[in-house]
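Chains as they are written, first to last, in this note's numbering: chain A, 294 to 466; chain B, 620 to 757.
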């Protein structure tokens with residue numbers, strides 16, 4: 294893979310970001326049940342660190358759609374962080390779907406923790422702790438949903454996306 | 620046990636996640652029913668309307684309730700709008716706040732403006748809660 298992005302790669306990355314965003318919108322009515330973690334982990338397993346572009350484009354689309362709010366601080370940091378962590382454990386992630394499921398469950402649970410740290414810094418330690426405890430039910434839902442989505446769909450979509458990526462990247466138009 | 624986990628890692632992890640979630644779910648649900656919160660408390664509730672009537676009414680209450688919302692419900696002096704989780708006071712002691720005239724009820728805990736709603740304010744023994752009728756938003 295060359296260092297510079299080709300136009301083809303740019304298009305593929307943008308299309309992936311749009312798919313991630315569409316998945317988010319499709320499940321927006323369900324509290325803390327989302328496919329963004331699932332998609333970003335799988336795409337990172339296949340594309341690698343360049344998925345960070347998808348994460349940033351996705352955050353940009355969210356900002357365009359919903360406007361800027363407190364949640365942006367979390368999004369702009371957490372999704373690229375997810376990509377970096379996935380790259381860090383890429384070998385293990387590609388080998389085991391169960392590892393991917395446990396990882397995405399942990400990430401889902403820790404998502405609110407990051408906001409609590411910000412609130413700790415702004416409003417004091419106990420306010421941050423209370424914020425986290427008040428939302429622990431939703432963090433739990435996030436954890437369970439991430440785990441089962443990955444466990445049930447991860448294996449097949451990983452193979453499918455891999456094939457699709459190879460066919461798009463390495464065949465002439 | 621180890622052999623069993625190695626044979627069925629998916630089932631083991633799924634069970635572990637479900638058990639963890641169940642502990643968190645029931646722990647969270649039972650937390651406010653802590654016995655410490657249900658001890659007897661003596662508080663003062665004051666209703667003030669200095670706007671037109673110069674009205675003041677004081678209630679001395681001894682209760683085992685947890686939130687301020689529960690107590691004013693028991694006293695039967697309040698009317699609300701909104702859902703049962705996040706209620707907005709529209710009338711107290713028969714005095715209605717007209718939103719179109721920018722009237723609203725605010726409340727103070729020990730003379731400090733409250734940062735929480737009545738349903739998320741846990742009462743403490745000896746505290747004074749003052750409901751004040753306000754006009755305008757500044």
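Where is the CB? At the ideal position from N, CA and C, for every residue including glycine.
Given the structure is predicted, the values throughout are model-derived calculations rather than measurements.
- Bridge partners of residue 710(B) according to DSSP: 698(B), 715(B).
- Counting every other CB atom within 10 Å of its CB across the protein chains shown gives residue 646(B) a total below 16, marking it as exposed.
- Counting C-beta pairs with one atom in each stretch, the stretch 338–346 of chain A and the stretch 438–445 of chain A have fewer than three that are closer than 8 Å, which means they do not touch.
- With fewer than 16 other beta carbons inside 10 angstroms of its own, residue 324(A) counts as exposed.
- When only Cα atoms are considered, residue 697(B) and residue 332(A) end up about 50 Å apart.
- Interface with chain A (9 Å Cβ-Cβ cutoff): residue 633(B) is included.
- Under a 10 Å Cβ-count criterion, residue 668(B) is classified as buried, with 16 or more other Cβ atoms of the shown protein chains found around its own Cβ.
- Per DSSP, reduced to three states, the secondary structure at residue 448(A) is helical.
- Judged by beta-carbon spacing, residue 334(A) lies beyond the 9 Å limit of residue 414(A), meaning their Cβ atoms are not closer than that value.
- In the structure shown, the three-state DSSP call for residue 729(B) is coil.
- For residue 690(B), the closest alpha carbon among the candidates 714(B), 643(B), 738(B), 727(B) is that of 738(B).
- Residue environment: residue 754(B) is assigned as exposed (fewer than 16 neighbouring CB atoms within 10 Å of its CB, all protein chains considered).
- Across the stretch 301–327 of chain A, no CB contact with chain B closer than 9 Å is found for any residue.
- Against chain B, the CB of residue 422(A) has no partner CB under 9 Å away; the residue lies outside that interface.
- By the criterion of a C-beta distance shorter than 7 Å, residue 309(A) is surrounded in its chain by 336, 347, once the five residues flanking it on both sides are discounted.
- Contact between residue 748(B) and residue 687(B) is confirmed by a C-beta separation of about 6 Å, below the 8 Å threshold.
- Interface with chain A (9 Å Cβ-Cβ cutoff): residue 720(B) is excluded.
- Contact between the stretch 396–412 of chain A and the stretch 421–429 of chain A is present: three or more C-beta pairs spanning the two stretches fall below 8 Å.
- Judged by DSSP in its simplified three-state form, residue 621(B) adopts helix.
- Residue 666(B) is classed as buried because its beta carbon has at least 16 other beta carbons within 10 Å across all chains shown.
- If you draw a straight line from the Cα of residue 728(B) to the Cα of residue 745(B), it comes to about 11 Å.
- Chain A has a Cβ within less than 9 Å of the Cβ of residue 637(B).
- Along the stretch 419–443 of chain A, the positions whose C-beta sits under 7 Å from a C-beta of chain B are 429, 430, 433, 436, 437, 440, read in chain order.
- With fewer than three CB-CB distances shorter than 8 Å, the stretch 709–725 of chain B does not count as touching the stretch 620–629 of chain B.
- Sequence-distant partners of residue 369(A) (beyond 5 residues in either direction) whose C-beta falls short of 6 Å from its own C-beta, in its chain, are 352.
- When secondary structure is reduced to three states using DSSP, residue 722(B) falls in the strand class.
- For residue 647(B), the closest Cβ of chain A is nearer than 9 Å.
- Per the DSSP secondary-structure output, residue 741(B) pairs in a beta bridge with 686(B).
- Taking a Cβ-Cβ threshold of 9 Å, the residues of chain A close to residue 629(B) are 390, 391, 394, 444, in chain order.
- Taking a C-beta distance under 9 Å as the contact criterion, residue 371(A) and residue 398(A) do not qualify as a contact pair.
- Spanning the alpha carbons of residue 750(B) and residue 693(B) requires a straight line of approximately 16 Å.
- Membership of residue 661(B) in the beta strand (DSSP E) is indicated by the continuous run 660–668.
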